[in-house]
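So the sequences go chain by chain: A and B.
Using the working numbering, read the first sequence as starting at 2 and increasing by one per residue.
Using the working numbering, read the second sequence as starting at 2 and increasing by one per residue.
Glycine included, C-beta positions come from ideal geometry on N, C-alpha and C.
Every value quoted in this text rests on a predicted model; they were computed, and no experiment measured them.
Down below is the structure, laid out as C-alpha cells.
Protein chains: 2
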Amino acid sequence: MRNNDEILALFENYLAQISLPKEPQQLYEPIIYSMSGGGKRIRPTLLLLACEAFGGDVAEALPAAAAVEMFHNFTLLHDDIMDNALVRRGKPSVFAEWGENVAILSGDAMMIYAYQLLRGVPEDKLARIMDIFTPMALQVCEGQQYDMDFEHSQKVSMAEYMNMIELKTSVLLAGSAMMGAVIGNASESDCRKIYRYALELGVAFQLQDDWLDSYGTEEELGKRIGGDILEGKKTCLMQQAMSHASEEDRDILRTTHLDPALSEEEKISRVKAVYDKYDVPHTILRMISSRFERAVAILDTLDINKERTAHLQVFADNLMDRKK
Amino acid sequence: MRNNDEILALFENYLAQISLPKEPQQLYEPIIYSMSGGGKRIRPTLLLLACEAFGGDVAEALPAAAAVEMFHNFTLLHDDIMDNALVRRGKPSVFAEWGENVAILSGDAMMIYAYQLLRGVPEDKLARIMDIFTPMALQVCEGQQYDMDFEHSQKVSMAEYMNMIELKTSVLLAGSAMMGAVIGNASESDCRKIYRYALELGVAFQLQDDWLDSYGTEEELGKRIGGDILEGKKTCLMQQAMSHASEEDRDILRTTHLDPALSEEEKISRVKAVYDKYDVPHTILRMISSRFERAVAILDTLDINKERTAHLQVFADNLMDRKK
Chain A
2 MRNNDEILAL FENYLAQISL PKEPQQLYEP IIYSMSGGGK RIRPTLLLLA
52 CEAFGGDVAE ALPAAAAVEM FHNFTLLHDD IMDNALVRRG KPSVFAEWGE
102 NVAILSGDAM MIYAYQLLRG VPEDKLARIM DIFTPMALQV CEGQQYDMDF
152 EHSQKVSMAE YMNMIELKTS VLLAGSAMMG AVIGNASESD CRKIYRYALE
202 LGVAFQLQDD WLDSYGTEEE LGKRIGGDIL EGKKTCLMQQ AMSHASEEDR
252 DILRTTHLDP ALSEEEKISR VKAVYDKYDV PHTILRMISS RFERAVAILD
302 TLDINKERTA HLQVFADNLM DRKK
Chain B
2 MRNNDEILAL FENYLAQISL PKEPQQLYEP IIYSMSGGGK RIRPTLLLLA
52 CEAFGGDVAE ALPAAAAVEM FHNFTLLHDD IMDNALVRRG KPSVFAEWGE
102 NVAILSGDAM MIYAYQLLRG VPEDKLARIM DIFTPMALQV CEGQQYDMDF
152 EHSQKVSMAE YMNMIELKTS VLLAGSAMMG AVIGNASESD CRKIYRYALE
202 LGVAFQLQDD WLDSYGTEEE LGKRIGGDIL EGKKTCLMQQ AMSHASEEDR
252 DILRTTHLDP ALSEEEKISR VKAVYDKYDV PHTILRMISS RFERAVAILD
302 TLDINKERTA HLQVFADNLM DRKK
C-alpha cells in the first residue's frame, strides 16, 4: 500500500497529463493557473487513500480525485470574488489577476470540467459516483450561502454555525472519502462509515483552523495571529462567546475590531480576554478533540484489516498538525 | 405524436413538480424565480421533439430536457452579471434583484442541479448523455469568452464571429437535439444528423436575431429597432460591414454610436447607410436562408418516415418566425 506521499505523487502526475484546450486563452489559462497553484491536495489524497484502504485500484480512482480537486478550486475562484479576496496561496487570486468576469466564467468551466473528469470513473460506477458528487456539490453551495447569510445576521446559534461549516467544508472531504470507498468496492456500510470519518475530521479541522488563528503560534499558522479578530470574522470562537457572554461583553465582541482608538494588539487582547472569561478556547479545544477522536474511532469499526487503515490514521494526524 | 404545444405543456408540467429545497432561501429562491420567469423553452422542446421523432418515450427524456433548460438559465444568471444586465424577460434580472454574489452562487447551484436532473435519464444511457452534455456546456463557456474577447478586439473575422455564435448559441440547441435522439434510440448516424440540423438552425436563428434588430419591424422584434447600433454591439451586420468597408466607412462604424452630436435616429440611419452601401443586409439574409435550408434539408435524410419529422419542420419554422 502506498503512503500519503506516494499517493500525492501519483496524483500530481495524473493532473500534469490532463491537457486542457489552449483557446480561448482567457478561459483556460486561469484554470491552469489555479490548478497548478499549489494547495495541499487534501481531498484527492483522501479519496485515493480510501480507495486503496479497501483494496481498490487507485488508477481507477484518479479521475474522481482530479474531479474533486477541480471542484474545490472552482469554489475558490468564485469565493474569492464574493469575498473580494485578492490573494490566494500567496499569489494573486484569479479574480485579482484577470478580473471578475474571467473568474466567474473560468470558474464555471472548472465546475463543468469536474464532471468531464468524473466521466472517467469506471462506467459501472458512474451513476453511484454522481449520486455522491452532485448532492455534495450542492451542499457546498448551501454552506457558502449560509456563511454569507451569517455575516449579516445578528444572531447565529452554535448549531447553525456547526451546520454551516459541515456543509461548506466537511461534506467535500466526506464525499471524497466515500467516492474513493465506492471505487474501492467497499461495502455500503463501510462507505457510510468512511463518510462519517471524513465529516467529523473536516469539522475538527475547521474548528482548529479558527482556534489557531487566535491561539496558535505564528509558526503553526503560517501568518500573524489574530487576523480573524481584526476582521471581525464570525469564527467558532466568536459564535461560542456570543452565545454565552453578557450583553456588555457581547458589545465588546461586536465592536472592538471597529474601534479606531485601539491598536491591533489591543483589539486582539481585548477580544481574547472575553473569550478567556467564558472559557471559549478550552471549550473549542474539547470540541476539536471530541470530533477528532470520533473520526479515528470509526476507522476501527471498518470491515477491513486494521493495517489497511493505517494511512487514513496518518492522514487524520497530518491534517490536524498542518503547517501552511 | 404530440405537437409542439403538447410537448411544451408536458414539459411545464414536469418542471412544476420538481421540488427544490427551501433553505437557504437566498440560494434557491433565485433559481425558482429564474426557472419560472417564462422563456420560450426552445431547447427542452427541441430535445423532446427529437426524442419523439425517433419513436422514443418522451417521459424518459424529460429529465434531460429539464437539465438543458436549467443549464440555459444558469448561463443567463452569469451572463447578466458579466453584461451588467438589469432586465431579463421584462423583469429584473437575478443580478439586479438579489445582487452579484447571489447571482454567482445561485447560478453555480443551477449548473450543479442540471447534473442532478441529468441523473434521471435511463441509467444505460447516462454515460452517453454526459458525453454530449458536458462538452456542450464547456463550448458554451468558450463561446461566451470569445464574445467578451471580441468586444475588446479591433479585428474579428467573419469566420471567427460565426465560430463564436456557433459555440455560444448553436451547440446548446444541437446538443439538446442529439440528447433527445439518443434517448429516442436513434442510430449513431441520425444522432449526428439531428445535431447538424439544430446547429445550422441555431446559427440561422442567431443571424436573424442580429438582422431583425436593425432591419426588422418593432412588431417582429418586440422592442425598438436599432438597439444594437446604439450600443455599438458587434453583431454579424457589423462584422460583415467591417470586413468589407473602406477605412473611412470603418471609422463611421466604429465611432457613430459614441458621437454626442447625433440623435439616436441619426446614429441608426448613418450606420445603416454604411451597411446598405456594402449590401450587408442582403448578404446576411442570404446566409440566414442558406443555413435554414441546410437545416431542414437534413430532416429529409434521416432514417425515419417523413411524417415523423413534421414537428421538427414546424419547430424550425416557428423558431425563425419568432415574436418576443
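The beta carbon of A/Met83 is closer than 8 Å to those of Gln145 and Met149 in its chain, skipping five residues each way along the sequence. Secondary structure at B/Val122: coil, using DSSP grouped into helix, strand and coil. For A/Asp214, the nearest beta carbon of chain B is not closer than 7 Å to its own beta carbon. Excluding five sequence positions before and after B/Leu168, the CB atoms of its chain that fall closer than 6 Å to its own CB belong to Gln140, Glu143 and Gly144, given in chain order.
Following the DSSP letters along the chain, one finds B/Gln26 inside the alpha helix (DSSP H) bounded by residues Gln26 to Met36.
For B/Leu106, at least one C-beta of chain A is nearer than 7 Å to its own C-beta. Listed by position along chain A, the residues whose Cβ is nearer than 7 Å to that of B/Thr135 are Ile113, Tyr116, Gln117 and Arg120. Within the segment 25-44 of chain A, those residues whose Cβ lies closer than 8 Å to any Cβ of chain B are, in chain order, Pro25, Gln27 and Leu28. With respect to the C-alpha of A/Lys278, the residue from A/Glu267, A/Ser291, A/Ser264 and A/Gln241 having the closest C-alpha is A/Gln241.
Residue environment for A/Glu267: exposed (fewer than 16 other C-beta atoms within 10 angstroms of its C-beta). Comparing alpha carbon positions, the residue from B/Val172, B/Met159, B/Arg193 and B/Glu249 closest to B/Cys237 is B/Met159. Within a 10 Å sphere around the beta-carbon of A/His283 sit fewer than 16 other beta-carbons, which makes this residue exposed. Taking A/Met36 as reference, the option from A/Glu24, A/Ala68 and A/Phe55 with the minimal CA-CA separation is A/Ala68. At a beta-carbon threshold of 8 Å, none of the residues of chain B lie near A/Cys237; the nearest stands roughly 19 Å away. Here B/Val88 carries a strand assignment [DSSP, helix/strand/coil].
Non-local beta-carbon contacts of B/Ile253 in its own chain, meaning distances under 6 Å to residues more than five positions away in sequence, involve Val275 in chain order.
Each of A/Val204, A/Met165, A/Leu263 and A/Asp210 was checked against the Cα of A/Arg292, and the nearest Cα belongs to A/Val204. Contact annotation: in the segment 144-162 of chain A, residues whose CB is within less than 7 Å of a CB in chain B are Gln145, Gln146, Tyr147, Met149 and Asp150. Of all alpha-carbon atoms in A/Leu174, A/Glu13 and A/Asp109, the one lying nearest the alpha-carbon of A/Tyr29 is that of A/Asp109.
At a Cβ-Cβ threshold of 7 Å, B/Phe12 and B/Ala66 count as neighbours. Annotation for B/Thr310: no alpha helix (DSSP H) segment contains it, and DSSP assigns it neither H nor E. By the rule that beta-carbons nearer than 7 Å mark a contact, B/Glu98 does not touch chain A.
Between the C-alpha atoms of A/Ala311 and A/Leu48 there is a straight-line separation of about 15 Å. From the beta-carbon of B/Ala138, the residues of chain A found nearer than 7 Å are Ile113. Interface criterion met: the Cβ of B/Glu124 is under 7 Å from a Cβ in chain A. Between the alpha carbons of B/Trp212 and B/Lys307 lies a distance of about 32 Å. The continuous alpha helix (DSSP H) containing A/Phe134 extends over residues Leu127 to Glu152.
Not a single C-beta of chain A is nearer than 7 Å to the C-beta of B/Asp229. Residues of chain B whose Cβ lies closer than 7 Å to the Cβ of A/Ile166 do not exist, since the nearest Cβ in that chain is about 14 Å away. Under DSSP, A/Pro45 shares a beta bridge with no residue. Residues of chain B with a Cβ closer than 8 Å to the Cβ of A/Ala128 are, in chain order, Arg120, Glu124 and Leu127. Contact annotation: A/Leu202 and A/Ala317 have beta-carbon atoms nearer than 7 Å.
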